[in-house]
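The block underneath contains the structure these notes are about, expressed in structure tokens.
Numbering (this note's numbering), first residue to last: 13 to 661.
Dropping the structure here:
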């Protein structure tokens, strides 16, 4: 649960002081934040709900009302400021409290925003929430140094990043890359303005529709039987958003109070086309704070893992002293990163598909941290970790990699994927960075990590065949945690009976239509009643009972494949199987089950069905077996899967 902490006032203000407690700059800053929050809210799924139970539409209405209240507040402040004497105004500004905005602003803002002194609490672990990085944050290499390579200049350059870390300038006043030139030309060619509240409201609705369609398209599974049909339909709808005629029909512009709907549709479509162009142009350069993933759930298992992950990150940041952190929370204060003795990194070890990346994404989205991912490999050299080379206006320039960009971005998270694949002599590059001084020493410069930067490493278990050991120099400087699949069976401490956990089922039920409308709490009760026979009796129709039992069987098959693969890779089992069903794979099977309505279909009439297979076995077979044709040892895994399916789970 996220808690709001506001520094307590140092002394009571007089009545005259309270008359003018904020400035127009405060209101403008708050208006910008509310506007940004409103834009994010419009891009949320239609069924999104806040932690307090508010729907997306309620949140949007509250934010729009907050903008109107800020307008009224600004008028009042302007009048009061004009009446106040200049010395008195300065005295008030020196003692003013933080802006106390309307309740609607505060309630809506908690879902997206965070100021100093804010924390989220997971499993009794307090996790500081960071401020957004300022728009004018800069990273500057050693200026003025020029090298010569093959007769060409090889220059260090200056970089300016936006809020999300996007590098957009190479030298003051000059464009950096080929893509930057095209962006500049495109922006110079656009001379489009939206006017009035109605036009802005209609445009934001178009952005929301485009966002929903794009997300739906990205979530399509290429292995689905109807993938081509769905992809074609969504592509046509996405293209329709940037077509003036189709946009007019989609938004119902004829019915809105817009003076010239046709002209507005032209302007709106032009802006959307420009945004798409820029997004495609810089998609690989745009570092961002991950958005909230509605499919990621802090189930009991993942909550425990995330709480331990947060504990290790706090330790890395110098917040490992629980008494110190409790004191910060008690006094409603934020950590002062520059005064903390942070060091080391946090390494998550676990099989593929166990949610290691999702944990990092969730941490960054909840704490407002920009995330930078870097894929490690055995062929990387130390120079590959520091600079890339690009040609700009006939001049060769060195461009910092996302590693250097991350460590010089305040509050950023650098995630090193497959960290153990780096050769030991290359891994030494990080020694000084993970030590107390948190500095990278290059031949000609020193680059110190910005305040609040977090280092995360990911790797598969070392006991698996083909997995390299974590370099000793990194191991000695790291805090290690393991990530496994959610347990399927556990012993009830009160009855000593074996029970089936609902961790993975909670994740999968979101992808099964008959169960997706159940809240998590309702699903837990239904699961315990139908599967474990321990909860109070629940009134259920036969179809729901059938779906719950099928879901249990599906999770059981996935769990069985993990046992077999784990036994083979640790050389404790006889059945050879190299690829289990990860969480991604179980979600794929659940979607197949739902899309084909397997709870009510006659399975004997389904293609490639084998006698004796139940609905869960069929869904797993149809989603797992096709993948075995894509790698050399797939036939062995296919044979192992057929043996598992024959067990009759």
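Ideal placement from N, C-alpha and C gives every residue a C-beta, glycine not left out.
Predicted, not measured: the structure shown is a model, and the values here were computed from it.
Next item on the list: Would you check if the region 347-367 and the region 582-595 touch, i.e. whether three or more CB-CB distances between them fall below 8 Å?
Entry: With a cut-off of 8 Å, the region 347-367 and the region 582-595 count as touching, because enough Cβ pairs lie within range.
Check: Is the CB-CB distance between residue 599 and residue 307 below 9 Å?
Finding: Position 587 of the chain shown, counted from the start, is the residue given in the question as residue 599. Position 295 of the chain shown, counted from the start, is the residue given in the question as residue 307. Judged by their CB atoms, residue 599 and residue 307 are nearer to each other than the 9 Å cut-off.
Checklist line | Beta bridge counterpart(s) of residue 357 as assigned by DSSP | finding: Numbered from its first residue, the chain shown carries residue 357 at position 345. Paired residues: 490.
Notebook entry, point to check: Does the Cβ-Cβ distance between residue 358 and residue 467 come in under 9 Å?
Noted result: Translated into positions along the chain shown, residue 358 becomes position 346. Translated into positions along the chain shown, residue 467 becomes position 455. Yes, they are a contact pair.
Margin query: List, from N- to C-terminal side, the alpha helix (DSSP H) runs of 4 residues or more that fit wholly inside the region 553-611.
Written below: For the region 553-611, whole alpha helix (DSSP H) runs of length 4 or above, ordered along the chain, are 554-581, 595-607.
Note to self: Contact defined as beta carbons within less than 8 Å: I believe residue 667 pairs with residue 562. What is the distance between those atoms, to the nearest angstrom?
What the structure shows: The shown model of the chain, from 13 to 661, leaves out residue 667, and the question about it has no answer.
Check: For residue 11, is the classification buried or exposed, using 16 other Cβ atoms within 10 angstroms of its Cβ as the cut-off for buried?
Finding: Because the chain in this structure spans residues 13 to 661, residue 11 falls outside the shown range and cannot be described.
Item checked: Those runs of the alpha helix (DSSP H) which lie wholly inside the region 607-637 and span at least 4 residues -> 627-636
Margin query: One question on the structure: do residue 465 and residue 394 come within less than 9 Å of each other, judged by their Cβ atoms?
Written below: For the purposes of this step, residue 465 is identified with residue 453 of the chain shown, where counting begins at 1. For the purposes of this step, residue 394 is identified with residue 382 of the chain shown, where counting begins at 1. Cβ atoms of residue 465 and residue 394: not closer than 9 Å.
Note to self: Given this structure, state the Cα-to-Cα distance separating residue 136 from residue 338, to the nearest angstrom.
What the structure shows: One-based indexing of the chain shown puts residue 136 at position 124. One-based indexing of the chain shown puts residue 338 at position 326. Near 11 Å, if we compare the C-alpha coordinates of residue 338 and residue 136.
Note to self: Tell me which residue opens and which closes the alpha helix (DSSP H) that residue 536 is part of.
What the structure shows: In the chain shown, counting from the first residue as 1, residue 536 sits at position 524. Unbroken alpha helix (DSSP H) run through residue 536: 532-539.
Notebook entry, point to check: Any idea what DSSP makes of residue 549, helix, strand or coil?
Noted result: Taking the first residue of the chain shown as 1, we reach residue 549 at position 537. Residue 549 carries a coil assignment under DSSP once its states are collapsed to helix, strand and coil.
Notebook entry, point to check: Three-state secondary structure (DSSP) at residue 458?
Noted result: Looking up residue 458 in the chain shown gives position 446. Looking at residue 458 - three-state DSSP - the assignment turns out to be strand.
Note to self: As a quick exercise: from 246, 133, 43, 302, pick the residue whose alpha carbon is nearest that of residue 83.
What the structure shows: Start at 1 with the first residue of the chain shown, and residue 83 comes out as number 71. Measuring from the Cα of residue 83, the nearest candidate turns out to be 43.
Notebook entry, point to check: Is the region 485-494 close to the region 531-546, with three or more CB pairs under 8 Å?
Noted result: These segments do not touch.
Checklist line | Cα-Cα separation, residue 558 to residue 617 | finding: Here residue 558 refers to the residue found at position 546 when the chain shown is read from its first residue. Here residue 617 refers to the residue found at position 605 when the chain shown is read from its first residue. Rounded to the nearest angstrom, the two C-alpha atoms are 19 Å apart.
Notebook entry, point to check: For residue 332 and chain C, any beta-carbon pair shorter than 9 Å?
Noted result: In the structure shown, chain C cannot be found, because there is only a single protein chain.
Note to self: Please tell me whether residue 321 and residue 493 are closer than 9 Å, where the distance is taken between their beta carbons.
What the structure shows: Here residue 321 refers to the residue found at position 309 when the chain shown is read from its first residue. Here residue 493 refers to the residue found at position 481 when the chain shown is read from its first residue. Contact: yes.
Notebook entry, point to check: Quick one: what does DSSP say residue 35 is sitting in, helix, strand or coil?
Noted result: The residue given as residue 35 occupies position 23 in the chain shown. The three-state reading of DSSP puts residue 35 in coil, since its state is none of H, G, I, E or B.
Check: Whose C-beta lies closer than 7 Å to the C-beta of residue 536 among residues of the same chain, with five residues either side of it excluded?
Finding: The residue labelled residue 536 in the question sits at position 524 within the chain shown. Excluding sequence neighbours, residue 536 sits near 514.
Notebook entry, point to check: Taking the alpha-carbon positions, what's the residue 470 to residue 435 distance?
Noted result: In the chain shown, residue 470 corresponds to position 458, counting from 1. In the chain shown, residue 435 corresponds to position 423, counting from 1. Rounded to whole angstroms, residue 470 to residue 435 spans 15 Å at the Cα level.
Check: Looking at the unbroken beta strand (DSSP E) that takes in residue 385, where does it start and where does it end?
Finding: One-based indexing of the chain shown puts residue 385 at position 373. That run of the beta strand (DSSP E) goes 383-387.
Margin query: Can you tell me whether residue 309 is buried or exposed? The criterion is at least 16 other CB atoms within 10 Å of its CB, across all chains shown.
Written below: Counted from its first residue, the chain shown places residue 309 at position 297. Buried: at least 16 other Cβ atoms inside 10 Å.
Check: Excluding sequence positions up to five away, which residues of its chain have a Cβ less than 8 Å from the Cβ of residue 353?
Finding: The residue you call residue 353 lines up with position 341 of the chain shown. Contacts found: 330, 448.
Next item on the list: Put residue 412 into one of helix, strand or coil per three-state DSSP.
Entry: The sequence position of residue 412 within the chain shown is 400, counting from 1. The three-state reading of DSSP puts residue 412 in strand, counting E and B together.
Item checked: Whole-number beta carbon distance between residue 463 and residue 424, since they are thought to touch under 8 Å -> Mapped onto the chain shown, residue 424 falls at position 412. Mapped onto the chain shown, residue 463 falls at position 451. Between residue 463 and residue 424 the Cβ distance is about 10 Å, and since that is not below 8 Å, they are no contact.
Next item on the list: Could I get the ranges of all uninterrupted beta strand (DSSP E) runs contained in the region 423-453, with 3 residues as the minimum, in chain order?
Entry: 425-429, 451-453
Checklist line | Under the three-state DSSP convention, the category residue 322 falls into | finding: Looking up residue 322 in the chain shown gives position 310. Three-state result, residue 322: helix.
Check: Quick one: Cα of residue 244 to Cα of residue 660, how far?
Finding: Within the chain shown, residue 244 is the residue found at index 232, counting from 1. Within the chain shown, residue 660 is the residue found at index 648, counting from 1. The alpha-carbon atoms of residue 244 and residue 660 are separated by roughly 39 Å.
Checklist line | Nonlocal neighbours in the same chain, by C-beta distance under 8 Å from residue 278, ignoring five residues either side | finding: The sequence position of residue 278 within the chain shown is 266, counting from 1. Closer than 8 Å at the Cβ level, and outside the excluded window around residue 278, lie 256.
Notebook entry, point to check: Tell me which same chain residues have a C-beta within less than 6 Å of the C-beta of residue 349, skipping the five on either side of it?
Noted result: The residue you call residue 349 lines up with position 337 of the chain shown. Answer for residue 349: 463, 464, listed in chain order.
Next item on the list: Pick helix, strand or coil for residue 367, following the three-state DSSP scheme.
Entry: Here residue 367 is taken as the residue at index 355 of the chain shown, counted from 1. Reduced to three states, the DSSP call for residue 367 is coil.
Checklist line | Close beta carbons around residue 305, own chain, < 8 Å, minus the five adjacent residues each side | finding: Against the chain shown, residue 305 aligns to sequence position 293. So the qualifying residues of the chain are 370, 373, 374, 377.
Check: Got a sec? Which residues, its chain only, sit under 6 Å from residue 564 by beta carbon, not counting five neighbours each side?
Finding: The sequence position of residue 564 within the chain shown is 552, counting from 1. Here the set comprises 543.
Next item on the list: Tell me where the beta strand (DSSP E) around residue 471 begins and ends.
Entry: Counted from its first residue, the chain shown places residue 471 at position 459. 466-471 is the span of the beta strand (DSSP E), which, as asked, contains residue 471.
Checklist line | Cα-Cα separation between residue 102 and residue 35, rounded to whole angstroms | finding: Looking up residue 102 in the chain shown gives position 90. Looking up residue 35 in the chain shown gives position 23. The pLDDT assigned to residue 102 is 34, lower than 50, so where the model puts this residue is not dependable, and the model offers no usable value.
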